[in-house]
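Asker: Attaching a single structure in structure tokens format; questions to follow.
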Amino acid sequence: MRLFGALYARALKWARHPRAIYYLCGLSFVEAFIFPVMPEVMLAPMMLGKRHRAFFYANISLLFSLLGSLVGYALGHWAYDSIHPLLSPAMQQTIGTWVTQLRNDMSRHWLAMLGALMLAALQPVIPMKFVTWAAGIVGVPLVPFLACMAIGRGKRVWLLALLVRVVGERAEQILHKNIERIGWGAIALIGLLLVWWLWLR
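Position 84 of the sequence shown, counted from 1, bears residue number 1334 in this note's numbering, the numbering being contiguous throughout.
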């Protein structure tokens, strides 16, 4: 099932549109809390088309990713409190224990937790929406959360801009060739992480 290939093709179509910058803003915003396709799939062809504006596009994407991360944080914070009473008692206990442990870890090892948050924002395997929701559920302080998101996601888009400036079209070709593996690999990893956190720890 080539789900991510179709989404990738749609993102490429948006990238060639005269109003691509607005689509990039929208994609960067919603990807931070719900949409399954990374904004890099639009960023790469847009940067390739106008290499001299690569870092401008990177900064625009970063800004709207940060705005979207606030939505994901808020959803995680309030949705958890709303949904938690609807779960089965066993699930409530399992998730409640997990959240309590993370909150305790954050209070005792806050610097390590912020470092992990920054790394999570940097890497492309675990989607950003998973990070923003989890941060809201656990209650990571808002200012450090935004700082970690800015540094982590900023490094991603700035490295992509640098890659496009240096390597050129090969960067987009590599992404196009491997989009299905990246997409399904991310979903599989999220599933494994959930199983580990909820049942195997």
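Think of the CB as a built atom: it goes at the ideal place given N, C-alpha and C, for glycine as much as any other residue.
(1) Grab me the residues of R1415's own chain with a C-beta within less than 7 angstroms of its C-beta, minus the 5 sequence neighbours each way, in chain order.
(2) Under a three-way DSSP split, which group does F1306 fall into?
(3) Please determine if the stretch 1390-1398 and the stretch 1282-1294 are in contact, where contact requires at least 3 C-beta pairs separated by less than 8 angstroms.
(4) What's the C-alpha gap between I1310 and G1299?
(5) How many whole angstroms separate the CB atoms of L1293 and A1270, which I take to be in contact at a CB cut-off of 8 angstroms?
(6) Does the beta-carbon of V1388 have 16 or more other beta-carbons within 10 angstroms, so that it is buried, or is it exposed?
(7) Looking at the structure shown, is F1380 part of a helix, part of a strand, or coil, going by DSSP?
(8) Looking only at C-alpha atoms, which of L1367, G1404 and G1402 sits nearest to G1386?
(9) Quick one: is A1294 near chain B, going by C-beta distance under 8 angstroms?
Answerer: In brief:
(1) R1301 and A1304
(2) helix
(3) no
(4) 16 angstroms
(5) With 8 angstroms as the limit, L1293 and A1270 do not qualify as a contact, their Cβ atoms being about 10 angstroms apart.
(6) buried
(7) helix
(8) L1367
(9) As a matter of chain content, chain B is missing from the structure shown, which is built from one protein chain.
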